[in-house]
Each structure stands twice: as structure tokens, then as C-alpha cells.
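Participant: Numbering (the numbering used here), first residue to last: 200 to 379.
All residues carry an ideal CB built from backbone N, CA and C; glycine is no exception.
These numbers were taken from a predicted model, which means no experiment stands behind them.
Dumping the structure here so I can ask a few things about it.
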Amino acid sequence: MHPLDRKILNADENLPRYYGKDTLVLMPRDPYWLFAYWEISEPTRERIRNEWGEGDLAAAEPVLRVYRYLWGKEEIESSYDIPLPEGTDSWHLQVGVADRLYHVELGWKRHGQFFAVLRSNIVRTPRDAVSDIIDENWQLPDWQARKLFRRINLAHLSSPELHRRQRRSLLRSRKGGQHG
């Protein structure tokens with residue numbers, strides 16, 4: 200590895216907290232959890248304040264709406280809301296169903312009505328089980344499988360017994376290799 204070049208990598212610089220772009224990103228964390236992070240730009244916040252008025256916006260509740268799709272389809276199966284504390288810009292979401300498509304919308308609820316401001320990408324949570332697809336291209340030929348399973352069967356032997364069997368095998372191979 201090369202030493203770090205301080206001219207290229209400035210250790211004193213920090214990444215900005217915000218970039219001034221409307222963004223809502225959703226990522227699968229594992230089969231049952233998602234992670235979302237977002238930023239609402241100042242121009243968008245200003246537009247919402249102008250449209251709603253300060254009073255209505257202050258009375259509205261920030262919400263992350265989670266949508267789950269039917270398995271294998273682009274049809275929404277269910278949705279639910281997660282109330283957010285004011286000023287939150289990321290959230291871990293427990294979704295409870297593996298191997299599904301999800302997306303979220305960030306918005307506000309006022310007077311029982313949801314107003315979406317940002318929409319995320321669609322993600323799929325991974326399976327929570329071993330795949331039921333068997334790829335025959337990766338199966339071992341019978342002779343290799345037998346050889347492998349013979350080795351695995353030796354794993355339960357004690358060290359002295361394993362040593363005796365290996366010695367016998369070595370002696371057999373030497374006798375078989377001698378020509379008279």
C-alpha cells in the first residue's frame with residue numbers, strides 16, 4: 200500500500216452535513232430492517248411554508264409512510280405511517296416481512312391527511328432462508344462428492360484413530376505403487 204498523500208487527502212476537511220438537495224434514500228439493512236435518510240432543501244421548505252402558512256406547518260406532524268408491495272408484483276400490499284420527531288433526518292424501519300419490495304414517502308400529516316414531499320427509491324429486502332434454487336452447474340460430480348464426504352466422515356475421529364487410518368492408507372498406497 201502507498202502512504203497517504205496529504206495533498207490529496209486533507210484530514211482537516213469534513214464532509215458537509217447537508218448538500219442543499221431534496222433527497223430520500225432507502226436501503227435494505229437485513230431481511231427485516233430498512234434504513235432511510237433524507238434532506239429537504241431550504242427552497243422546498245420555503246415553498247411548503249408559503250403554501251401552508253407557518254401555523255398549519257407547525258400543527259402538522261412529520262411522517263414517514265412505508266409502502267410494501269405484493270410479492271412479485273408492482274401492486275401495493277399495505278402501508279403504515281411512522282411519526283417522526285421534528286428535525287429527524289434518518290430512521291431505521293422494522294418492516295417484519297422479508298423478500299419484499301418497499302418504498303417510503305416523507306411528508307406531513309395535518310387534519311388526518313398525508314401530504315408527501317419526497318419519495319424514495321424502491322428496494323427489496325433479502326430472503327431470510329436458504330435459496331430453493333439449485334444450480335446444477337455447481338454440483339460436484341459423484342466421484343468428487345464421495346471423496347469429499349469420506350473426508351468429512353473422518354472429522355469425528357480422535358487424533359490417534361485418525362493417525363492410524365492415515366498410516367494404513369499411506370502403507371496401502373506404497374504397496375500398490377510397488378511393481379515386482
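1. Tell me whether the beta-carbon of Ile281 lies closer than 8 Å to the beta-carbon of Val265.
2. Could you give the first and the last residue of the continuous alpha helix (DSSP H) run that contains Pro242?
3. Thinking C-alpha only, which one of Phe313, Pro227 and Trp290 is nearest Ala258?
4. Tell me which same chain residues have a C-beta within less than 7 Å of the C-beta of Leu369, skipping the five on either side of it?
5. Could you pull out every residue in the same chain whose Cβ sits closer than 6 Å to the Cβ of Arg318, ignoring the five residues on either side in sequence?
6. Could you give the DSSP three-state label for Lys346: helix, strand or coil?
7. Specify, as a first and last residue, the run of the beta strand (DSSP E) that Glu276 falls within.
Facilitator: Taking the definition as stated:
1. Position 82 of the sequence shown, counting from 1, holds the residue named residue 281. Position 66 of the sequence shown, counting from 1, holds the residue named residue 265. A Cβ-Cβ contact shorter than 8 Å links Ile281 with Val265.
2. For the purposes of this step, residue 242 is identified with residue 43 of the sequence shown, where counting begins at 1. First-last of the alpha helix (DSSP H) with Pro242: Glu241 to Trp251.
3. Residue numbering aside, residue 258 sits at position 59 when the sequence shown is read from its first letter. The candidate whose alpha carbon is nearest that of Ala258 is Phe313.
4. Here residue 369 corresponds to residue number 170 of the sequence shown, with the count starting at 1. Nothing meets the Cβ criterion.
5. In the sequence shown, the residue the question calls residue 318 occupies position 119. Excluding positions up to five away in sequence, the list reads Glu304.
6. Here residue 346 is taken as the residue at index 147 of the sequence shown, counted from 1. Three-state DSSP puts Lys346 in a helix.
7. The sequence position of residue 276 within the sequence shown is 77, counting from 1. Run containing Glu276: Ile275 to Pro282, per the beta strand (DSSP E) assignment.
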